[in-house]
Amino acid sequence: MTTITVDNINSRAELKRKTAKPLLWIGIMSIVMFFGGWTSAVIVSKGSISDWLSIHLPNAFYVSSVIIVLSSIFFHLGYLAIKKDQKKTLFIFVLLTLLSGFGFVISQYLGWKTLYENGIVATGSSSTNASSYLYLITFFHVLHLLAGLISLIVVSVKSKKERYSSSNFLGVELSLIYWHFLGALWIYLFIFLKYIA
Amino acid sequence: MAIIITVVVLLLIVSGVQILKIAELRAISQGEKIYEVSEKEGKSQAILMLVFLVAFMGFFVWQIASWGGLLLPVSASEHGVGLDNLMNVTLFMIIPVFIITHILLFWFAFKYAYSSKRKAVYFAHSNKLELIWTVVPSLALTVLILYGLSNWNTIMKPINQEEEHVLIELVGQQFSWGARYAGEDGKLGRADVNYIEGVNFMGVDASDENSNDDVVVKGEFHIPVNVPVQFVMRSIDIIHSAYMPHFRAQMNCVPGLKTQFNFTPTITTKEMKEITQNDEFEYVLLCNKICGAAHYNMQMNIVVDSKEDYEKWLAEQKTFAE
Amino acid sequence: MSTHHHHHEDFLFKYIFSTDHKMISKQFLITGFLMGFIGMVMSTLFRLQLGWPGESFWLVDALMGSWAEDGVMAPDKYLSLVTMHGTIMVFFLLTAGLSGTFSNLLIPLQIGARDMASGFLNMLSYWFFFVSSVIMLISLGVEGGAASAGWTIYPPLSALPQAIPGSGLGMTLWLVSMAIFIVSSLLGSLNYIVTILNLRTKGMSMTRLPLTIWAFLLTAIIGVLSFPVLLSAALLLVFDRSFGTSFFLSDIYIGGQVLEHSGGSPILFEHLFWFLGHPEVYIVLLPALGITSEIISTMSRKPIFGYRAMIGSMLAIAFLSFIVWGHHMFVTGMNPFLGAVFTFTTLLIAIPSAVKVFNYLTTLWKGNIVYSPAALFSIGLVSTFISGGVTGLVLGDSALDINVHDTYFVVGHFHIVMGLSAIFGMFAGVYHWFPKLFGRMMNNKLGNVHFWITIVSAYGVFFPMHFLGLAGVPRRYYTNSNFPLFDNMVDINELVSTFAIIAAVGQLLFMFNFIYSALRGPKAPMNPWRANSLEWTAPVEHIHGNWYGDIPEVHRWAYDYSKVDESGEYIGGEDFIPQTVPLAENEHDGGGH
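Respectively, the protein sequence lines represent chains C, L and S. At position 164 of the first sequence (counting the first as 1) the number is 164 in the working numbering, and the numbers step up by one without a gap. At position 58 of the second sequence (counting the first as 1) the number is 255 in the working numbering, and the numbers step up by one without a gap. At position 304 of the third sequence (counting the first as 1) the number is 823 in the working numbering, and the numbers step up by one without a gap.
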């Protein structure tokens, strides 16, 4: 293979800088369509069923909402910190975000537990469409959140090692965008499940 | 058998490779660039384009001539006449478009085959032309849409419950049809899959008063001519589709859902036998949504009677209570 | 020892786990064609049954084994074949095979990029596709047979093994395979969009992009927006099938008992499915239209007529494709008002389509057409796009649809407008860009014969189907012989089946040409078709990074063919001006008028 002149586009870092964010945004668009499919399905199902059972969301889901908003704030503060090259602050905030992320998952689990104990089940003959949708949508949100948690772990390890700086924080930014998106998605789903479903 | 075929295929491939190689070597030795299309070759393709145009149009006409008579006979329902007209108008628009564009396409393909003596014309855009072929189709479509929707609204108009009509429930199941008449009270009794048992294949609720005079039939059902018929469709297992081509009628039967369609038959079975000059002719209800292995054999005959014959036939049938 | 090891590693990363877009393109092409071949053989088998119902065939016996006793296939296995034929052709050949091949090959080469935005995601995209293909093929051999509920897999039929054996393990594998396929498609589309938007070379403005790239861009956008919805529908179906939910199931009595499911609606599935399903038609069609726009312009030595209108009409089609899905559901008992709305939006698609057709015709007009096989197939596409398109006006009209819905009229319509157009586009693309794919030329004469056999037999197969449909013959019937009504359709069916066999045999000619040329064909020059776009400035041999030295700069659009100066002589002395040639003084760029 013959050598090729390395110009801007050929350098990996440059390529990543140019394309990573758009890739993420378009990926997010497809996740939006995925949940959009389900929430419209809920509306259609609700319209065709006369005795649609409205379910009271468990208190834990309210707690989750607060936690996920907090976590987004933490992460954003961390992002602002690294922009000013405060590497230690970044690590602390990322750690806080990660912890609240796990807190969110636990809170969601507690929510499902409450639902289950109140006889609201996901499948089987005593389930209703409303309950199945509720479990399914919240569960798949957590699945997407797990990807976010993995990215947070990576970011926290890297920030511990002080790999990020005010001139190099693309990884933080990517993880942040996705995390904010997950938060926004949850708030949307929460409002949807509470007021529409 | 398998061995013979393998050997033949292998021989074909080997000889194909040899022929290609020889042809290519010869071309190269004569100094041709073998991937280049020579003017002569291009001309012969151009002529084939013209031949194809003639053959294609000929095939089109031949099909109409030889199969035109096999299509569905005249519509046996009131709305079907309007629908057939709409179809004719649509065909009247699309067939000329089909023919003219094909003549242009293959004529250009023939006429403008490569010649080293000519230069292609550098003609990249013309707002006027593009405007024409945006506006003209739009106008034609406006006509089609308006005409189509007026038909659609007529067909979908619910039956006036005050006026005389027949209420029939069609029930699909793997792989047969059943029909239930509302009976004298004009009301269908409640029905649900939970009541299915033995001969009660439709799941009619015997405890509902309205059920008693309902009439359930299989294999064949009758409807009176010139009386509006309201169909309610139901399925007890898979999605089926109640397709009655002669009446230009179709509606899916969906489990868990009731769908509706109504039409007024205008030609009795007897009359249709004369029209089609076929003594065996029967109207038929067939399943038109894939529903399982015997989907291709899910049918029920429809008999359109005069009103007197219809009433006589209905009176002979057992009611649900009996 | 060590050199041997090194060589081994090289092979693995060069041919198998390659991240190079050109190699991935070839992988998509070959996998897609293999799947397409299998899909074609399936169609031959069920056409044998339809043409000569109940007759025993050696071929059916040999290929279907226990599915076909004494060489006559079982009715539910007929449905398996139909389902798998549809699935394979629509998704594996015409979505992944077509888009995967040409988006991968042409996007970096035509916009002037070293490679895709992410070579790794690109490789993953192929391997997900490969795994999903393998699973789909495995499903052919499982107990109960492959999925049999039609490629649209409407529940409850697809949800209940009691309803048809293919809805057991076969259907499960179908769903698994499609889920993986969707991931593959999404990864691919992400890459295509970002590459086109962010990695164009200097001077390559959006209005200088070849139409192929515009088509791939819109296709990818449609894919990103519609495939996730199919995934969400498929997941609900998985839950209904395996975990006892009732999203789509309700009030079902089957196999002698009432099922526990209640409250669901099969219609919901249809809505979700067709929200993907209709855009999918354009995912299949747009790349083919892009490819032929490029080829028709190049081979008629004329600029494409109405470049901006072509882009505009593709944008319009892409947008409309999302708001017309209801026309597949006119007879599901939908609200008549909704039906009216969908009729309106559906018929609107005819306008941009008409613009495209007339622009093609004007491009050919007063051209100087060089008849390569690619040019032939491109003209064939214009023909099929017209003949299949006009019948769309019948089916898109809710009132007319009542009587032709799900009949052979539909089968004829979509096979011509979507199946033939897309495969013609794909063939055209392969003949045209073969030198870029394999560095060799295909044999033109064999290509010409292949074209004529294909177009004649394809019309012989699908044109008569309109007549069957108008006579009321439903699709997906194992045989028509149970209805006296259809007794005189026997001749038509025999004719159709005969042409189907001819068409299938004709494709062997292509396979032969393809394999022979890839291995032994004459070496390709850099720009055999004397074309303008950037890929023809790249070296014939495949190098990582596509160009030696710097990436060329672009100074004009891709369609300056036969451009003359005031004296009537070709500018630059040739009948084409590559995109890399700077504009002369007071010369206008064609794209940016």
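Note that beta-carbon positions come from the ideal geometry of N, C-alpha and C, so glycine has one too. Predicted model, so just to flag it, every value in this text is computed and none were measured.
Taking the alpha-carbon of residue i as reference, which of the options has the nearest alpha-carbon?
i                 : options                                    : result
Asn1007 (chain S) : S:Val923, S:Gly991 and S:Gly558            : S:Gly991
Phe841 (chain S)  : S:Ser819, S:Thr851 and S:Leu867            : S:Leu867
Phe838 (chain S)  : S:Met725, S:Phe981 and S:Leu737            : S:Leu737
Leu232 (chain C)  : C:Val66, C:Phe91 and C:Asn118              : Any question about residue 232 (chain C) goes unanswered here, given that chain C covers just 1 to 197.
His1113 (chain S) : S:Val661, S:Gly722, S:Gly944 and S:Asp539  : In the structure as shown, chain S starts at 520 and stops at 1112, and residue 1113 (chain S) therefore has no counterpart that could be examined.
Leu625 (chain S)  : S:Pro680, S:Arg719 and S:Ala668            : S:Arg719
Leu482 (chain L)  : L:Ile329, L:Met497 and L:Glu229            : L:Met497
Gly101 (chain C)  : C:Ala81, C:Arg17 and C:Leu149              : C:Leu149
Ala243 (chain L)  : L:Gly228, L:Leu302, L:Val451 and L:Arg223  : L:Leu302
Ile607 (chain S)  : S:Glu574, S:Leu553 and S:Asn623            : S:Leu553
Ile603 (chain S)  : S:Leu692, S:Ala1037 and S:Glu1104          : Correcting the residue identity first, residue 603 (chain S) is Met in this sequence and not Ile. Ranking the options by Cα distance to Met603 (chain S), first place goes to S:Leu692.
Lys1042 (chain S) : L:Val204, L:Asn475 and L:Glu233            : L:Glu233
Ser503 (chain L)  : L:Ile487, L:Gln514 and L:Thr463            : L:Thr463
Val214 (chain L)  : S:Pro954, S:Ile1034 and S:Pro594           : S:Ile1034
Ser902 (chain S)  : S:Val913, S:Tyr978, S:Phe986 and S:Glu588  : S:Tyr978
Glu505 (chain L)  : L:Gln474, L:Thr465, L:Met495 and L:Gln371  : L:Thr465
Gly782 (chain S)  : C:Ser166, C:Asp51, C:Gly103 and C:Ile28    : C:Asp51
Val975 (chain S)  : S:Arg994, S:Glu1072, S:Leu939 and S:Val850 : S:Leu939
Glu275 (chain L)  : L:Asn282, L:Phe460, L:Glu471 and L:Cys484  : L:Phe460
Tyr116 (chain C)  : C:Leu189, C:Ser64, C:His56 and C:Leu193    : C:His56
Leu189 (chain C)  : C:Ile68, C:Leu53 and C:Leu176              : C:Ile68
Lys87 (chain C)   : C:Pro58, C:Phe169 and C:Leu15              : C:Phe169
In the DSSP assignment, what residue or residues form a beta bridge with residue i?
i                 : result
Asp502 (chain L)  : L:Pro421
Phe460 (chain L)  : L:Val426
Leu1095 (chain S) : Correcting the residue type first, residue 1095 (chain S) is Phe in the shown sequence and not Leu. According to DSSP, Phe1095 (chain S) bridges with S:Tyr1080.
Pro993 (chain S)  : S:Thr926
Asn449 (chain L)  : L:Ser438
Ser274 (chain L)  : L:Pro462
Gly369 (chain L)  : L:Trp374 and L:Ser432
Ile974 (chain S)  : In the DSSP output, where bridge partners are listed per residue, Ile974 (chain S) has none listed.
Thr516 (chain L)  : L:Val412
Lys1042 (chain S) : S:Arg959
Please tell me whether, using a cut-off of 7 Å, the distance from the CB of residue i to the nearest non-hydrogen atom of the ligand PLP is below it.
i                 : result
Pro1041 (chain S) : For the ligand PLP, the structure offers nothing, since it holds no ligand at all.
Query - Interface positions of the segment 1001-1033 of chain S facing chain L (Cβ-Cβ less than 8 Å), listed along the chain - result: Asn1001, Phe1002, Pro1003, Leu1004, Asn1007, Met1008, Ile1011 and Phe1031
Query - Given 8 Å, three or more beta-carbon pairs between the segment 840-856 of chain S and the segment 876-889 of chain S - result: Segments in contact, no.
Report task. Could you tell me whether the segment 711-722 of chain S touches the segment 19-28 of chain C, using the rule of 3 or more Cβ pairs below 8 Å? Result -> With a cut-off of 8 Å on Cβ pairs, the segment 711-722 of chain S is in contact with the segment 19-28 of chain C, counting three or more such pairs.
Requested in this report: Counting only runs of 4+ residues fully inside the segment 417-443 of chain L, write out the alpha helix (DSSP H) ranges in chain order.
Outcome: Entirely contained in the segment 417-443 of chain L, not one alpha helix (DSSP H) run reaches 4 residues.
Requested in this report: Scan the segment 573-636 of chain S and note each continuous alpha helix (DSSP H) run of 4 residues or more that stays entirely inside, going in chain order.
Outcome: 577-583, 594-606 and 620-630
Query raised in the report: Given a limit of 9 Å on CB to CB distance, which residues of the segment 367-379 of chain L reach chain D?
Result: Reference to chain D is not applicable here, since the protein chains of this structure are C, L and S.
Query raised in the report: In the segment 866-879 of chain S, which residues sit with their C-beta less than 9 Å from some C-beta in chain L, listed in chain order?
Result: Leu866, Leu867, Ala869, Ile870, Pro871, Ser872, Ala873, Val874, Val876, Phe877, Asn878 and Tyr879
Query raised in the report: If we count Cβ pairs, one from each stretch, closer than 8 Å, do we get three or more for the segment 200-209 of chain L versus the segment 253-271 of chain L?
Result: no
Query raised in the report: When the Cβ atoms of the segment 581-601 of chain S are set against those of the segment 472-481 of chain L, are three or more pairs found closer than 8 Å?
Result: no
Query raised in the report: Could you give the uninterrupted runs of the alpha helix (DSSP H) lying entirely in the segment 109-169 of chain C, keeping only those of 4 residues or more?
Result: 129-160
**Report entry** Inside the segment 770-851 of chain S only - alpha helix (DSSP H) runs reaching at least 4 residues
**Finding:** Listed in chain order, the complete alpha helix (DSSP H) runs (minimum 4 residues) inside the segment 770-851 of chain S are 785-818 and 826-839.
Report task. Determine which residues of the segment 481-514 of chain L have a Cβ less than 7 Å from any Cβ of chain S, and write them out in chain order. Result -> Here the close residues are Val481, Leu483, Asn485, Lys486, Ile487, Cys488, Gly489, Ala490, Ala491, His492, Tyr493, Asn494 and Gln496.
Query raised in the report: Are three or more beta carbon pairs between the segment 609-629 of chain S and the segment 493-512 of chain L nearer than 8 Å?
Result: no
Query raised in the report: Closer than 7 Å, Cβ to any Cβ of chain C: which residues of the segment 631-661 of chain S, in chain order?
Result: Ala632, Arg633, Ala636 and Ser637
**Report entry** Proximal residues, the segment 815-847 of chain S versus chain C, C-beta separation under 8 Å
**Finding:** Residues passing the 8 Å Cβ filter: none.
Query raised in the report: Going along the chain, which residues of the segment 903-918 of chain S sit with their C-beta nearer than 8 Å to a C-beta in chain L?
Result: Ile905, Ser906, Val909, Thr910, Leu912, Val913, Asp916, Ser917 and Ala918
Query raised in the report: Quick one: any contact between the segment 979-998 of chain S and the segment 1011-1022 of chain S, if contact means 3 or more CB pairs under 8 Å?
Result: yes
Requested in this report: Flag this pair as touching only if the segment 615-623 of chain S and the segment 546-563 of chain S have three or more C-beta atom pairs under 8 Å; answer yes or no.
Outcome: Judged by Cβ distances under 8 Å, the segment 615-623 of chain S makes contact with the segment 546-563 of chain S, as three or more pairs qualify.
Requested in this report: May I ask you to list, following chain order, the residues of the segment 759-782 of chain S that have a beta carbon less than 7 Å from some beta carbon of chain L?
Outcome: Ser769, Asp770, Ile771, Tyr772, Ile773 and Val777
Requested in this report: Please name the residues in the segment 348-365 of chain L whose beta-carbon is closer than 9 Å to at least one beta-carbon of chain S, in chain order.
Outcome: Asn348, Trp349, Asn350, Thr351, Ile352, Met353 and Lys354
Requested in this report: Taking only beta carbons into account, state which residues of the segment 10-22 of chain C come closer than 8 Å to chain S, listed in chain order.
Outcome: Flagged, chain order: Asn10, Leu15, Lys18, Thr19 and Pro22.
Report task. Mind listing, in chain order, the continuous alpha helix (DSSP H) runs of no fewer than 4 residues lying wholly within the segment 325-354 of chain L? Result -> Counting whole runs of 4 or more residues, the segment 325-354 of chain L contains no alpha helix (DSSP H) stretch at all.
Query raised in the report: Is there contact between the segment 357-374 of chain L and the segment 894-914 of chain S, where contact requires at least three CB pairs shorter than 8 Å?
Result: no
Report task. Check distances from the C-beta atoms of the segment 119-130 of chain C to those of chain S and list, in chain order, the residues that come in under 8 Å. Result -> Ala122, Thr123, Gly124, Ser125, Ser127, Thr128 and Asn129
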